[in-house]
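Per my numbering, the sequence shown starts with residue 8, numbered consecutively.
Don't be surprised by glycine CBs; every beta carbon is placed ideally from N, CA and C.
Structure record follows, encoded as structure tokens.
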Amino acid sequence: EAPFKSATGFDVFKYRYEVDQSPIGKTSRSCPATYVKLFDHIRALFAQLPESRMRGYTASRFSFNNKEGQCPECKGNGRIKLEMDFLPTTWIDCESCMGDRYNPATLEIRYNGLTIGDVLNLNIKAAADFFSAHPKLQKPLQLLSETGLGYLTLGQPSPTVSGGEAQRLKLVTQLTKGRPKITDLGPINTNLYLIEEPTIGLHQQDVARLTDVLHRLVDEGHTVVVIEHHMDLAAEADYIIDLGPEAGPNGGTIVAQGTPEQVSKVDHSATAPFLANAL
8 EAPFKSATGF
18 DVFKYRYEVD
28 QSPIGKTSRS
38 CPATYVKLFD
48 HIRALFAQLP
58 ESRMRGYTAS
68 RFSFNNKEGQ
78 CPECKGNGRI
88 KLEMDFLPTT
98 WIDCESCMGD
108 RYNPATLEIR
118 YNGLTIGDVL
128 NLNIKAAADF
138 FSAHPKLQKP
148 LQLLSETGLG
158 YLTLGQPSPT
168 VSGGEAQRLK
178 LVTQLTKGRP
188 KITDLGPINT
198 NLYLIEEPTI
208 GLHQQDVARL
218 TDVLHRLVDE
228 GHTVVVIEHH
238 MDLAAEADYI
248 IDLGPEAGPN
258 GGTIVAQGTP
268 EQVSKVDHSA
278 TAPFLANAL
């Protein structure tokens with residue numbers, strides 16, 4: 008007989024998010040800066056510059072999707088697609104804008120010496136330093152850098168972002184949405200995050216960074232459910248449900264459950280000795 012017949016408490020969750028490794032965008036026009044909603048703030052910052060105001064440039068002028076500001080040759084893509092017979096399609100930097108996406112008039116506007124095109128070519132770590140005086144930009148950039156994504160450029164085309172990188176971008180985006188409201192009865196407007204195998208393809212150092220992001224979500228009152236085989240991450244959980252005893256049709260039953268310390272001591276659990284080594 009199943010130990011539980013029902014589950015309650017889901018009413019405390021405002022949203023449910025399935026954080027997978029699917030791409031953050033389907034076209035090369037999507038990039039980390041647009042996905043994390045940083046580019047809106049960057050465009051607004053450039054539009055507030057005295058030179059922009061004199062010319063009547065608004066924030067929309069600094070969108071690479073806007074015909075007024077984009078390079079007319081590559082249409083704001085920064086790259087040109089080459090279709091070749093008998094060879095795979097390839098991309099090269101636009102010879103007109105040299106990969107900067109914008110027309111010359113737009114690139115005449117500079118903030119602290121950099122054009123909007125230069126900013127998109129900054130990696131996340133450098134951008135966090137560059138925008139240190141702007142908390143709305145610096146905070147999410149710093150979070151991205153701390154999760155091991157400091158090497159990505161702000162304008163890196165989404166199709167070139169790996170599944171693991173996309174997953175961490177999604178998690179950090181959730182962290183930037185603000186903390187849940189805390190009441191006498193506990194946090195409200197919290198979320199439920201469902202994450203499957205987030206450590207696949209990650210270096211050990213990146214696993215530690217990912218673990219830190221998950222801890223931050225929990226510290227803010229959210230609930231995180233992870234399906235995982237990496238014992239270093241499992242050892243950080245508050246509660247483990249060990250399913251087995253084997254895979255496929257020979258599994259699916261609860262072998263052990265409890266805190267990592269409790270599960271590591273269950274004799275009939277194949278997971279226990281590996282979990283014990285990680286504790």
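Would residue i and residue j qualify as a contact pair, given that the criterion is a beta-carbon distance under 8 Å?
i, j, result
"residue 3", "residue 220", "Since the first residue of the chain shown is 8 and the last is 286, residue 3 is not available in this structure."
"residue 277", "residue 251", "yes"
"residue 108", "residue 120", "no"
"residue 73", "residue 35", "no"
"residue 224", "residue 39", "no"
"residue 200", "residue 229", "yes"
"residue 127", "residue 161", "yes"
In the DSSP assignment, the beta strand (DSSP E) including residue i goes from what residue to what residue?
i, result
"residue 197", "197 to 203"
"residue 86", "86 to 89"
"residue 23", "20 to 26"
"residue 250", "247 to 251"
"residue 47", "Run containing residue 47: none in the beta strand (DSSP E); it sits in the alpha helix (DSSP H), 46 to 54."
Near residue i, which residues of its chain fall below 7 Å by C-beta distance, leaving aside the five closest residues on each side in sequence?
i, result
"residue 56", "116 and 118"
"residue 32", "42 and 165"
Near residue i, what residues of its chain come up, given a Cβ to Cβ distance below 6 Å and the 5 sequence neighbours on each side ignored?
i, result
"residue 90", "96"
"residue 139", "145"
"residue 202", "26 and 233"
Does the Cβ of residue i have 16 or more other Cβ atoms within 10 Å, making it buried, or fewer, making it exposed?
i, result
"residue 165", "buried"
"residue 232", "exposed"
"residue 226", "exposed"
"residue 22", "exposed"
"residue 163", "buried"
"residue 106", "buried"
"residue 76", "buried"
"residue 296", "The structure shown does not extend to residue 296, since the chain is modelled only from 8 through 286, so no value can be given for it."
For the alpha helix (DSSP H) containing residue i, name the first residue and the last one.
i, result
"residue 216", "211 to 226"
"residue 279", "279 to 285"
"residue 123", "123 to 127"
By Cβ distance, which residues of its chain are closer than 8 Å to residue i, with the 5 residues on each side in sequence left out?
i, result
"residue 29", "170 and 173"
"residue 245", "225 and 266"
### Task
Pair every Cβ in the segment 267 to 286 with every Cβ in the segment 240 to 251, then say whether three or more of these pairs are closer than 8 Å.
With contact defined as three or more Cβ pairs closer than 8 Å, the segment 267 to 286 and the segment 240 to 251 are in contact.
### Query
Between the segment 35 to 52 and the segment 66 to 81, do at least 3 Cβ pairs fall closer than 8 Å?
The segment 35 to 52 is in contact with the segment 66 to 81.
### Message
Between the segment 136 to 151 and the segment 10 to 30, can you find at least three pairs of beta-carbon atoms closer than 8 Å?
### Response
Result no; under three Cβ-Cβ pairs closer than 8 Å.
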